[in-house]
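Single-structure report; data block below.
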Amino acid sequence: MTATLRNLEGNEACALGAIRAGCRFFAGYPITPSSEVAEVMARELPRVGGTFIQMEDEIASMGAVIGASMGGVKAMTATSGPGFSLKQENLGYACGAEIPCVIVNVMRGGPSTGMPTRPAQGDIMQARWGTHGDHAIIVLAPASVAEAYSETIRAVELSETLRVPVVVLLDEVIGHLTETVDLAAVPEAPEVWRSFATGPREGFQPYAVTDDLIPPMPRPGDGYRAHCTGLTHAPGGFPTQVPEVATAAVTRTTDKLVHHRERIESWQVQDAEDSDLLIVAIGISARAARQAVRDLRAEGLKIGLFRPVTLWPFPEEALRETVARSGAKAVLVPEMNQGQLVLEVERVLAGRAPALRLNRIDGQPITPDDIADRAREALK
Amino acid sequence: MKDTADATAFDVNDWIRQDQMPHFLCPGCGHGIALRALVWALHEQGIDKDKLAVVSGIGCSGRLSAYIDANTFHTTHGRPLTFATGLKLARPDLTVVVITGDGDCLAIGGNHLIHAARRNLDITCVMLNNEIYGMTGGQVSPTTSGGRYTSTTPMGNSEPTFDACALATAAGAGFVGREVTMQVLALRDLLKQALAHPGFSFVEVLSDCTEIYGRKNDLGASPEMMLAKKSEMRPFAYRNTVDVPFRPNHLRTGVIARNDRPEYGAAYRTMAAGLHGEKGDA
Chain A
4 MTATLRNLEG
14 NEACALGAIR
24 AGCRFFAGYP
34 ITPSSEVAEV
44 MARELPRVGG
54 TFIQMEDEIA
64 SMGAVIGASM
74 GGVKAMTATS
84 GPGFSLKQEN
94 LGYACGAEIP
104 CVIVNVMRGG
114 PSTGMPTRPA
124 QGDIMQARWG
134 THGDHAIIVL
144 APASVAEAYS
154 ETIRAVELSE
164 TLRVPVVVLL
174 DEVIGHLTET
184 VDLAAVPEAP
194 EVWRSFATGP
204 REGFQPYAVT
214 DDLIPPMPRP
224 GDGYRAHCTG
234 LTHAPGGFPT
244 QVPEVATAAV
254 TRTTDKLVHH
264 RERIESWQVQ
274 DAEDSDLLIV
284 AIGISARAAR
294 QAVRDLRAEG
304 LKIGLFRPVT
314 LWPFPEEALR
324 ETVARSGAKA
334 VLVPEMNQGQ
344 LVLEVERVLA
354 GRAPALRLNR
364 IDGQPITPDD
374 IADRAREALK
Chain B
238 MKDTADATAF
248 DVNDWIRQDQ
258 MPHFLCPGCG
268 HGIALRALVW
278 ALHEQGIDKD
288 KLAVVSGIGC
298 SGRLSAYIDA
308 NTFHTTHGRP
318 LTFATGLKLA
328 RPDLTVVVIT
338 GDGDCLAIGG
348 NHLIHAARRN
358 LDITCVMLNN
368 EIYGMTGGQV
378 SPTTSGGRYT
388 STTPMGNSEP
398 TFDACALATA
408 AGAGFVGREV
418 TMQVLALRDL
428 LKQALAHPGF
438 SFVEVLSDCT
448 EIYGRKNDLG
458 ASPEMMLAKK
468 SEMRPFAYRN
478 TVDVPFRPNH
488 LRTGVIARND
498 RPEYGAAYRT
508 MAAGLHGEKG
518 DA
């Protein structure tokens, strides 16, 4: 019997989750603190008939991942802030041409080379808005090693079924944290694939508007001989500058995430019934918040936690509803940056409750005590 | 090599997406000749269109992929070799051809060219060199000849030029060749050899940009520009007498280098075959 309990690092769990979900191509470039993802992929992919390649730079690895996915193979890359910036142009291509792919971004201190070995959460906005133009993208934010495993599986599945790039956004703490993971906690299920084009070759339109807004993808060799371009394209796949066709083309790629929102959104709440103060946090900051909530509840303070697991698109209805249900008079957003997540929280709450901030940019994780102190002050 | 098709007769219309005609190239542009030579070579090599992937970058050359009746991918500026690398590794059963330009391949994409050549993955890279950024309005490129006027060299170009073939050769490309658009049949035959080579093949096509580069430098119409290019050719037999990294006054054409280094994809798969099925951590 195969042992399903494993001691894994977050980065390792991402790699193993991707392979479990059927990822068979990885292209990467060394960068701290994500390199372990590439190292595990280099070791494991050849054992399952997959391909690993270390490319000449971050841009090339993103290009190779998109190229492999165009060929009909599930593909992933991993990086950290500066490398994530370099990947953004090709990431935009994947958004525009709707090529499934997964990008693991392990956040470190920035800007620039910053503090490469220290944790941060400074890419919350880069993950959403890093590439240019109007685009749809999904960002998942695991807060444990088990979740790094299960959310990477979900990333591959969402990317495939929705034809959209998915970012798995870890912070350095989660990436390098070792925890015991039960691999069997993710139930066995049939492998999830994109819908490949079938049917007549004649008159085939690679970007036809379907009911679910996700056009089946032509696979080279299947006889469709389609064109794929980063230029704004008509349903036939070729460039267009006809105003209404261009509008419809871009709008469909963003609408599809709205259409499938229920499948995409994921969040967790802890002690959110009857809270005077609701904490909103992701990643390791949410782990600290979880402990702070326990400590403060033990003191008799009414405090709860809302944790977006899907960071983008932000589970906005769920947050508004949680705030309303709990009766929270304010929310507190602890994050390892100067305030990014709080901007979205403020937008979503639109004055329903003030959003208080707690920020660290010193390369140290936010501690439960940091949060508890700030919460006590707020509840005074 | 024979000048006529041996198997079935070549008809360019069989390879061109008729619904994408007329093409957008300027009158006199050499890229159309290169495109014809390429699909002619593909035809004579018996390449199956369903198994053909053409990957292009950005620029005038980048738009050519849309005209070929195959699986075509118009990617990002300078990066078609990276997309092609992923595609070929994921799908070794496909014939992968890259169409790129001098700016795409040697400036923004220069890093990818040297590593693709070093890696020696089985991709045929066709670089159309018209010495200019035509699509963006005529800016200087890494191959713009000395003294030439462009929109960003109003005093004349004072930068030395890249010899793309010397670069690809030095980086280890399995097959390297150069031809001018004036010699269509020689170009076709060079491309056939490139397609047949199991490894990274690099072919530089000396094309002409009549409308922008020619006009700006008073080089005459397309026939004059093509004749001038032809006169700059250096006989193939003298190929080893000029060996400097920067372009000499006379260019060498034909097959410039070839080697039988292992093809990367096959080498990876051979090594992986020993591990396949072995119990790992995944």
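One line per chain: the protein sequences are A and B, in this order.
Quick note, the first sequence lines up with residues 4 to 383 if you use the numbering used here.
Quick note, the second sequence lines up with residues 238 to 519 if you use the numbering used here.
A virtual CB, placed ideally from N, CA and C, is assigned to each residue, including glycine.
{"Query": "Neighbour flag for Pro85(A) against chain B, beta carbons, 7 angstroms", "Result": "no"}
{"Query": "Gln282(B), DSSP secondary structure in three states", "Result": "coil"}
{"Query": "Buried or exposed (CB count within 10 angstroms, at least 16 for buried), Met508(B)", "Result": "exposed"}
{"Query": "Any C-beta of chain A under 7 angstroms from that of Arg498(B)", "Result": "no"}
{"Query": "Bridge partner(s) assigned by DSSP for Thr387(B)", "Result": "Thr390(B)"}
{"Query": "Contact with chain A by Asn357(B), beta-carbon distance below 7 angstroms", "Result": "no"}
{"Query": "Chain D contact for His179(A) (CB, 7 angstroms cutoff)", "Result": "Among the chains of the structure shown, chain D does not appear; the protein chains present are A and B."}
{"Query": "Assigned exposure category for Asp480(B) - 16 Cβ within 10 Å defines buried", "Result": "Because the pLDDT of Asp480(B) is 48, which lies under 50, any placement of that residue in the model is unreliable, and the number read from its coordinates should be weighed accordingly. Classification of Asp480(B): exposed, given that the 10 Å Cβ count is below 16."}
{"Query": "Residues of the region 255-273 of chain B with Cβ closer than 9 angstroms to any Cβ of chain A, in chain order", "Result": "Asp256, Gln257"}
{"Query": "Touching by the beta-carbon criterion (3+ pairs, under 8 angstroms), the region 495-511 of chain B and the region 405-417 of chain B", "Result": "yes"}
{"Query": "Within-7 angstroms CB hit, Arg228(A) to chain B", "Result": "yes"}
{"Query": "Cα-Cα separation between Asn250(B) and Gly393(B), rounded to whole angstroms", "Result": "41 angstroms"}
{"Query": "Cβ neighbour criterion (16 or more within 10 Å) applied to Trp252(B)", "Result": "buried"}
{"Query": "Endpoints, the beta strand (DSSP E) within which Val492(B) is located", "Result": "491-495"}
{"Query": "7 angstroms Cβ cutoff, Ala408(B) in contact with chain A", "Result": "no"}
{"Query": "Collapsed DSSP secondary structure at Gly202(A) in the structure displayed", "Result": "coil"}
{"Query": "Extent of the continuous beta strand (DSSP E) run through Met118(A)", "Result": "118-122"}
{"Query": "Buried or exposed (CB count within 10 angstroms, at least 16 for buried), Pro316(A)", "Result": "buried"}
{"Query": "Sub-7 angstroms separation of Ala100(A) and Ala16(A) beta-carbons", "Result": "no"}
{"Query": "Sequence-distant residues of the same chain with beta carbon closer than 6 angstroms to Lys332(A), five excluded per side", "Result": "Asp279"}
{"Query": "For Glu469(B), three-class secondary structure by DSSP", "Result": "coil"}
{"Query": "Coarse secondary structure for Ser64(A), derived from DSSP in three states", "Result": "helix"}
{"Query": "Leu358(B) in three-state terms, based on DSSP", "Result": "coil"}
{"Query": "Distance cut-off 6 angstroms: Gly383(B) Cβ against heavy atoms of the ligand MG", "Result": "By its list of ligands, the structure shown contains no ligand whatsoever, and the ligand MG lies outside what it can speak to."}
{"Query": "Contacts of Asn308(B) in chain A (Cβ-Cβ under 8 angstroms)", "Result": "Pro221, Pro223, Gly224, Tyr227, Arg228, Ala229"}
{"Query": "Helix, strand or coil at Thr250(A) [DSSP, three-state]", "Result": "helix"}
{"Query": "Cβ-Cβ distance between Glu59(A) and His352(B) below 7 angstroms", "Result": "yes"}
{"Query": "Cβ-based contacts, 8 angstroms cut-off: residues of the region 144-155 of chain A near chain B", "Result": "none"}
{"Query": "Minimum Cβ-Cβ distance from Gly411(B) to chain A less than 7 angstroms", "Result": "no"}
{"Query": "Contact between the region 60-78 of chain A and the region 314-323 of chain B (3+ Cβ pairs under 8 angstroms)", "Result": "yes"}
{"Query": "Beta-carbon spacing of Tyr370(B), Gly347(B) below 7 angstroms", "Result": "no"}
{"Query": "N-terminal and C-terminal residue of the beta strand (DSSP E) that Ile156(A) is part of", "Result": "Not the beta strand (DSSP E): Ile156(A) falls in the alpha helix (DSSP H), residues 148-165."}
{"Query": "Nearest-angstrom beta carbon gap, Pro223(A) and Arg254(B) [assumed within contact, 8 angstroms]", "Result": "Their Cβ separation, rounded to whole angstroms, is 16 angstroms, which puts Arg254(B) and Pro223(A) out of contact at 8 angstroms."}
{"Query": "Segment contact, 8 angstroms Cβ cut-off, at least three pairs: the region 330-338 of chain B with the region 123-139 of chain A", "Result": "no"}
{"Query": "Assigned exposure category for Phe483(B) - 16 Cβ within 10 Å defines buried", "Result": "Low confidence applies here, because Phe483(B) scores a pLDDT of 47, under 50, leaving its location unreliable; read the following figure in that light. Result: exposed."}
{"Query": "Helix, strand or coil at Ala144(A) according to DSSP, with G and I counted as helix", "Result": "coil"}
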